[in-house]
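Note sheet for the following structure.
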Amino acid sequence: MAEGDDLHSFTSIMDALVRISTSIKNMERELLCPICKEMYKQPLVLPCMHNACHICATEVLLQQGYICPDPTSEPTSPASTPATRSPRLGRRIVPKPERLDRLLKSGFGTYPGRKRGNALHPQSVLFPCPLCQRDVDLGERGLGSLFRNLTLERVVERYRHTINVNAAIMCQFCKPPQLEATKGCTECKSSFCNECFKLYHPWGTQKAQHEPIPPTLTFRPKGLLCPEHREEVTHYCKTCQRLVCQLCRVRRTHTSHKITPVLSAYQALKEKLTKSLAYILSNQDTVQAQINELEETLRLTEVNGTQAKEEIVRLMNNLSSLLEEKRAALLNAIEDCRQDRVRRLQTQLQEHQAMMENSGMVGYSQEVLKETDQPCFVQAARQLYHRILRATDSLQAFRPAASASFSQFQVDISREVKLLTDLIFIKGWVCC
1 MAEGDDLHSF TSIMDALVRI STSIKNMERE LLCPICKEMY KQPLVLPCMH
51 NACHICATEV LLQQGYICPD PTSEPTSPAS TPATRSPRLG RRIVPKPERL
101 DRLLKSGFGT YPGRKRGNAL HPQSVLFPCP LCQRDVDLGE RGLGSLFRNL
151 TLERVVERYR HTINVNAAIM CQFCKPPQLE ATKGCTECKS SFCNECFKLY
201 HPWGTQKAQH EPIPPTLTFR PKGLLCPEHR EEVTHYCKTC QRLVCQLCRV
251 RRTHTSHKIT PVLSAYQALK EKLTKSLAYI LSNQDTVQAQ INELEETLRL
301 TEVNGTQAKE EIVRLMNNLS SLLEEKRAAL LNAIEDCRQD RVRRLQTQLQ
351 EHQAMMENSG MVGYSQEVLK ETDQPCFVQA ARQLYHRILR ATDSLQAFRP
401 AASASFSQFQ VDISREVKLL TDLIFIKGWV CC
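Residue 300 in the UniProt record's numbering sits at position 300 of the sequence shown, and the numbers go up by one each step.
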């Protein structure tokens, strides 16, 4: 009896480990830059609500002749580049050349993401988003107008710590052998052991006022700042769907816009995201049932489609050569209908399978909900909520995209045999 209990306990543990491993693996997909296919490093939020590493976005624009800030320079804004050049730079993947050819309308000046030109007025920069496959308007300031996704950076760092739980961060100032770091400093952008932290933050100096944080290899600003005015963001413009500072709020561009305090936007969006996520989590059985129904419908579509073709072939073989054209037309119609149904059903099946595999998105959502920095949460949750909402809508309005029946192709040739020249089997059929 004890052995049976031990076996059951072991099986439960293994099942839990498999679920955790799958969830972590799926969530990793949410943390990969669509350009370099590696973990995000200082991601920027594009207007289409997708993300891209700052260095990746800069390289895409540089290939088109834009004048961008040096990627190796010291960061000067929430959307600026890393302090050190990424070792991934030499093997970075960029969008296809044919899409990059359409990157720029025309431009002037030296804003980030700006191409020199002879125009008297600056024009918008277009960035080819590799996820939505369309050109995204970055405005006149190019990359300089984009917010840095600090919440996504925090999730990436927590994920790295989870998969490398035993990987210690070493002090950057110790003489060999280095000691393990115990503190980090946002102002110094370095990690220290206890002794080195005291040494480089002497009592009675301005550095002694630096607030220590846990050791890290990624240093971020304390909060989101307006990319244009370098002021703390305090409000959210519902019309523009963008965080704004006090100076942005009084500008003419936001006249008559619906502007709310960031706390209100934080509370409203967090409540919506929490409810939508709870709905998805509580309906996993429903999703699986819908997947099973789609798989069965897809199977019946294949079987019935094949049977319908065979029946048509049997009937057509009894007719003379005058029926050959009609036979080919009917077969093509059935095949087109079958392919169309299979395509739609497979697409729908993949969408529902993605909902079951969305533990990555769910895990990412749960991590985002831990965010306490209100502007950062609003920035990250806004794009995530739209994805959750689409999954919810698909779940609520479910019905198979096509029917498995091919009954509309059943034909009766008893009367038409005598009228071969005017033979029409099916009138006004519609594939549904």
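Note that the Cβ used here is the ideal one computed from N, Cα and C, for glycine as well.
For C193 and L179, the rounded distance between their alpha carbons:
6 Å
Beta-carbon spacing of V378, A265 below 7 Å:
yes
Closest to L131 by CA distance: which of N51, V155, Q123 is it?
N51
Considering only residues of the same chain and omitting the five flanking positions on each side of Y364, which have a CB-CB separation below 8 Å?
M27, E30, L31, V155, L384
Could you give the DSSP three-state label for P375: helix, strand or coil?
helix
Beta-carbon within less than 8 Å of E293's beta-carbon, same chain only, minus the 5 sequence neighbours each way: which residues are those?
P400
Alpha carbon to alpha carbon, what distance is there between E296 and C56?
43 Å
Throw me the rounded Cβ distance for the I280 and V362 pair, which I believe falls under 8 Å.
7 Å
State buried or exposed for G204, treating a residue as buried only when at least 16 other CB atoms are found within 10 Å of its CB.
exposed
Coarse secondary structure for Y385, derived from DSSP in three states:
helix
Output the boundary residues of the beta strand (DSSP E) element that contains I259.
259-261
Taking Cβ positions, are residue 438 and H257 nearer each other than 7 Å?
With the chain running from 1 to 432 in the structure shown, residue 438 is simply not present.
According to DSSP, is M316 part of a helix, a strand, or is it coil?
helix
Helix, strand or coil: how does DSSP classify I213 here?
strand
As an exercise, report each continuous beta strand (DSSP E) stretch of at least 3 residues that is fully enclosed by the stretch 168-214, in chain order.
183-185, 190-192
Output needed for T347: all residues of its chain with C-beta closer than 8 Å, excluding positions within five of it in sequence on either side, in chain order.
A401
For D373 and G223, I'd like the C-alpha separation in whole angstroms.
7 Å
V156, enclosing alpha helix (DSSP H) - first and last residue
150-163
Quick check on A52: does DSSP put it in helix, strand or coil?
strand
Which residues does DSSP pair with P128 in a beta bridge?
D135
Could you tell me whether the Cβ atoms of C48 and C33 are closer together than 7 Å?
no
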